[in-house]
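Asker: Chains as they are written, first to last, in my numbering: chain C, 1 to 116; chain V, 117 to 228. Cβ coordinates follow ideal geometry from the N, Cα and C atoms, glycine included. Predicted, not measured: the structure shown is a model, and the values here were computed from it. Handing you this structure, nothing more for now.
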């Protein structure tokens with residue numbers, strides 16, 4: 001069965017420090033990969049996505065993620081965290097039929113806290 | 117920028133009551149979805165809808181759930197007889213051909 005694992009439930013980083021959020025997936029084929037962010041009381045905002053091509057993808061708000069097929073991973077990174085980045089981050093995967101209405105499968109989420 | 121709109125933002129209902137959650141997807145999108153997030157848990161797929169019929173549903177989406185696109189703009193999720201465990205944040209999403217899904221702000225459903 002398809003699954004997405006985010007091993008870190010909660011991470012705390014200092015403002016200005018670098019960040020890496022981990023995501024591993026289990027899928028029969030190479031899926032489409034996504035990172036979403038959810039601020040308290042808000043909906044889900046897409047940070048970035050990977051469909052094919054360059055395995056390092058750039059997203060909004062200075063985030064990037066790298067797809068590593070050999071490790072079935074799609075880790076999210078940011079070189080310098082801002083206090084406004086405090087939120088919950090969800091990794092998600094989808095089959096290529098995603099483009100024709102396929103569903104997303106989400107990980108458990110990682111809550112990011114930023115300390116001054 | 118176009119967005120997915122959900123109403124109400126928060127709904128409180130008594131156990132056993134019917135509830136309808138409403139969504140206005142992005143106007144030129146073709147695919148519509150409902151997801152839910154129980155507090156502290158991950159976002160789970162409920163159902164997808166295309167061409168006026170359900171294209172896929174999860175095991176969560178049992179007979180007490182139904183979806184409808186009653187007109188050209190709204191997309192609704194009905195829970196026929198709510199249970200305490202239906203308390204969750206419900207997200208509507210829509211996508212077009214070859215576009216990612218855009219999510220609404222969610223409706224927090226509290227069953228008491």
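#1: Just to confirm before moving on: does the CB-CB distance between residue 18 of chain C and residue 87 of chain C stay below 7 angstroms?
#2: Could you tell me which chain C residues have their CB closer than 9 angstroms to the CB of residue 130 of chain V, listed as they occur along the chain?
#3: Following the continuous beta strand (DSSP E) through residue 152 of chain V, name the residue where it begins and the one where it ends.
#4: What whole-angstrom Cβ distance do residue 76 of chain C and residue 35 of chain C have, given they're in contact under 8 angstroms?
#5: Listed from N- to C-terminal order along the chain, which residues in the stretch 84–97 of chain C have their beta-carbon within a distance smaller than 7 angstroms of any beta-carbon of chain V?
#6: Under three-state DSSP, which class holds residue 69 of chain C?
#7: With a cut-off of 7 angstroms, does the C-beta of residue 78 of chain C fall near any C-beta of chain V?
#8: Can you tell me the Cα-Cα spacing of residue 187 of chain V and residue 14 of chain C, whole angstroms?
#9: Please report whether the beta-carbon of residue 119 of chain V lies at a distance below 7 angstroms from any beta-carbon of chain C.
#10: Work out the CA separation of residue 132 of chain V and residue 66 of chain C for me, nearest whole Å.
#11: Sorted by chain position, which residues of the same chain lie with C-beta nearer than 8 angstroms to residue 127 of chain V's C-beta, five sequence neighbours on each side aside?
#12: Got a sec: is the Cβ-Cβ distance from residue 71 of chain C to anything in chain B below 7 angstroms?
#13: Distance check for residue 151 of chain V and residue 176 of chain V, CA to CA, integer angstroms please.
#14: Measuring only between beta-carbons, confirm whether residue 49 of chain C sits less than 7 angstroms from chain V.
#15: Only counting runs of 3 or more residues, tell me where the beta strand (DSSP E) segments fall wholly within the stretch 16–62 of chain C, in order along the chain.
#16: If we require 4 or more residues per run, which alpha helix (DSSP H) segments fall completely within the stretch 118–143 of chain V?
#17: Which word fits residue 213 of chain V, buried or exposed, when buried means at least 16 other C-beta atoms lie within 10 angstroms of its C-beta?
#18: Tell me which residues share the same chain as residue 12 of chain C and place their Cβ nearer than 7 angstroms to its Cβ, disregarding the 5 neighbours each side in the sequence.
#19: Going by CA-CA distance only, name the one from C:24, C:7, C:3, C:4 that's closest to residue 71 of chain C.
#20: Are the Cβ atoms of residue 93 of chain C and residue 4 of chain C separated by less than 7 angstroms?
#21: Which of the three DSSP states is assigned to residue 240 of chain V in this structure?
Answerer: Taking the definition as stated:
#1: no
#2: By Cβ distance, chain C contributes nothing, its closest Cβ being about 24 angstroms from residue 130 of chain V, past 9 angstroms.
#3: 147–153
#4: 5 angstroms
#5: 90
#6: helix
#7: Closer than 7 angstroms: no.
#8: 49 angstroms
#9: no
#10: 47 angstroms
#11: 135, 137, 223, 224, 225, 226
#12: In the structure shown, chain B cannot be found, because the protein chains are C and V.
#13: 10 angstroms
#14: yes
#15: Taken in chain order, the unbroken stretches of beta strand (DSSP E) that lie wholly in the stretch 16–62 of chain C and span 3 residues or more are 19–21, 24–26, 32–38, 44–50, 56–58.
#16: none
#17: exposed
#18: 113, 115
#19: Nearest C-alpha to residue 71 of chain C: C:24.
#20: One thing to note: residue 93 of chain C has its Cβ within 7 angstroms of the Cβ of residue 4 of chain C.
#21: Nothing about residue 240 of chain V can be reported from this structure: the residues present for chain V run from 117 to 228 only.
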